[in-house]
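Asks:
Numbering (the numbering used here), first residue to last: 5 to 295.
(1) In angstroms with no decimal places, state the Cα-to-Cα distance between residue 99 and residue 73.
(2) For residue 77 and residue 133, which I take to be in contact (beta-carbon distance under 8 Å), what is that distance rounded to the nearest angstrom?
(3) Might you give, ordered along the chain, the residues of its own chain that have their beta carbon closer than 6 Å to the beta carbon of residue 196, omitting 5 neighbours on each side?
(4) Output the distance between the C-alpha atoms of residue 164 and residue 203, rounded to the nearest integer angstrom.
(5) I need the boundaries of the beta strand (DSSP E) containing residue 81, first residue and last residue.
(6) Considering only C-alpha positions, which residue in the set 103, 48 and 97 is nearest to residue 75?
(7) Helix, strand or coil: which one does DSSP assign to residue 38?
(8) Within its chain, find whatever has a CB closer than 8 Å to the CB of residue 235; leave out the 5 residues flanking it on each side and keep chain order.
(9) Enumerate, from N- to C-terminal direction, the unbroken alpha helix (DSSP H) stretches of 4 or more residues contained entirely within the segment 164-247.
(10) Quick one, which of 278, 67 and 294 has its alpha-carbon nearest residue 285's?
(11) Exposed or buried, residue 138, counting other C-beta atoms within 10 Å across all chains shown (16 or more means buried)?
(12) Look at residue 81 and residue 106 and say whether their C-beta atoms are less than 8 Å apart.
(13) Kindly identify the DSSP beta-bridge partner or partners of residue 130.
(14) Mark residue 32 as exposed unless 16 or more other C-beta atoms lie within 10 angstroms of its C-beta, in which case mark it buried.
(15) Would you give the residue range spanned by the beta strand (DSSP E) that residue 287 belongs to?
(16) Should residue 210 be labelled buried (16 or more other beta-carbon atoms within 10 Å of its own) or exposed?
(17) Please report the distance separating the alpha-carbon of residue 205 from that of residue 111.
(18) Can you say whether residue 275 is buried or exposed, counting buried as having 16 or more other CB atoms within 10 angstroms of its CB?
(19) Under the assumption that residue 136 contacts residue 128 (Cβ atoms under 8 Å), give the Cβ distance between them as a whole number of angstroms.
(20) Contact defined as beta carbons within less than 8 Å: I believe residue 180 pairs with residue 199. What is the distance between those atoms, to the nearest angstrom?
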């Protein structure tokens with residue numbers, strides 16, 4: 005995404021945190037804070053400085069965030085739509101509810117008093133045990149109309165956020181419903197990917213970055229921007245058997261989406277995720293499945 009675009013309209017950075025054993029010890033808060041400092045705060049400052057020809061970031065900053073997680077059949081959503089104090093940090097919100105899958109959206113935009121009135125809600129969407137989010141700006145009028153026409157009434161009546169990210173999420177659920185997978189105990193990873201492919205086909209050729217989850221499977225559309233996969237460091241200071249070390253390394257995965265990602269090699273400890281539609285089973289968070 006060009007820097008001028010990021011400076012003019014609000015945009016979103018996305019996070020998905022997967023934990024194969026959420027009842028165990030959590031991802032270290034200090035590590036997550038360092039990831040957000042490097043991947044979010046520093047990137048926002050860079051985009052603002054590049055866009056305005058100055059290092060003054062007062063006109064472009066983190067404006068709000070929303071976090072959602074799925075535990076069993078329960079969904080938990082928290083939103084901070086307007087963050088007035090730049091010292092507020094999202095780490096505690098991201099780690100508040102240990103879960104197999106946690107999604108977060110970080111809203112970045114201009115620093116003006118009417119921001120909340122002129123930009124859609126940052127709150128993540130949910131329906132039954134599903135949660136979802138999307139990074140891009142608003143849909144064009146024709147795409148929005150087509151999306152609305154293809155969403156069944158029972159899903160349309162569940163709208164609570166009333167932004168285009170929720171509309172895309174509901175269209176994904178409509179595709180699951182058409183395949184008979186929405187009412188099943190769990191949709192298979194293949195069904196999730198198929199429903200995402202149907203949804204992506206309606207969104208045109210521009211950037212599309214969507215994350216959905218039912219707490220068992222994470223589904224992702226990634227087209228445009230940059231996505232990384234990161235794992236927290238292993239505990240230090242105690243002896244660990246090789247087999248236990250391997251299990252610990254495979255327990256977590258953090259996916260990070262940057263709408264204005266740098267072209268250089270990924271940072272230390274991160275792997276670039278190729279564009280496309282893929283799924284990850286929460287019990288195997290380091291394994292991506294594609295068509």
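Even glycine gets a Cβ: it sits at the ideal position worked out from N, Cα and C.
Just so we're clear, the structure is a prediction, and the values are computed from it rather than from any experiment.
Replies: To lay it out plainly:
(1) Stepping through the chain shown from its first residue, residue 99 is reached at position 95. Stepping through the chain shown from its first residue, residue 73 is reached at position 69. Near 10 Å, if we compare the C-alpha coordinates of residue 73 and residue 99.
(2) On the chain shown, position 73 is the one that residue 77 refers to. On the chain shown, position 129 is the one that residue 133 refers to. Right, their Cβ atoms sit about 5 Å apart.
(3) Taking the chain shown and counting its residues from 1, the one referred to as residue 196 is at position 192. Taken in chain order, the residues that qualify are 221, 223 and 283.
(4) The count along the chain shown starts at 1 and reaches residue 164 at position 160. The count along the chain shown starts at 1 and reaches residue 203 at position 199. Roughly 20 Å between the two C-alpha positions.
(5) The residue you call residue 81 lines up with position 77 of the chain shown. Note, residue 81: beta strand (DSSP E), 78-84.
(6) Taking the chain shown and counting its residues from 1, one reaches residue 75 at position 71. Nearest of 103, 48 and 97 to residue 75, Cα basis: 103.
(7) Start at 1 with the first residue of the chain shown, and residue 38 comes out as number 34. Helix at residue 38.
(8) Here the question's residue 235 lines up with position 231 in the chain shown. Contacts found: 253, 256, 257, 258, 273 and 290.
(9) Counting whole runs of 4 or more residues, the segment 164-247 contains the alpha helix (DSSP H) stretches 168-182 and 193-205.
(10) If you number the chain shown from 1, residue 285 lands on position 281. Answer by Cα proximity: 294.
(11) Looking up residue 138 in the chain shown gives position 134. With 16 or more other Cβ atoms within 10 Å, it is buried.
(12) Within the chain shown, the letter at position 77 stands for residue 81. Within the chain shown, the letter at position 102 stands for residue 106. Not in contact: residue 81 and residue 106 (Cβ atoms no closer than 8 Å).
(13) Here the question's residue 130 lines up with position 126 in the chain shown. BP columns for residue 130 point to 135.
(14) What you label residue 32 is simply residue 28 of the chain shown in a count that begins at 1. Burial call: exposed.
(15) Here residue 287 refers to the residue found at position 283 when the chain shown is read from its first residue. Taken as a continuous stretch (DSSP letters only), residue 287 belongs to no beta strand (DSSP E), as it is neither H nor E.
(16) Counting from one through the chain shown, the residue named residue 210 turns up at place 206. Exposed.
(17) Position 201 of the chain shown, counting from 1, holds the residue named residue 205. Position 107 of the chain shown, counting from 1, holds the residue named residue 111. One C-alpha to the other measures close to 25 Å.
(18) For the purposes of this step, residue 275 is taken as residue 271 along the chain shown, with counting starting at 1. Under this definition residue 275 is an exposed residue.
(19) Translated into the one-based positions of the chain shown, residue 136 becomes position 132. Translated into the one-based positions of the chain shown, residue 128 becomes position 124. Sure, about 7 Å apart at Cβ, within 8 Å.
(20) Reading the chain shown from its first residue, position 176 is the one you call residue 180. Reading the chain shown from its first residue, position 195 is the one you call residue 199. Their Cβ separation, rounded to whole angstroms, is 5 Å, which keeps residue 180 and residue 199 in contact under 8 Å.
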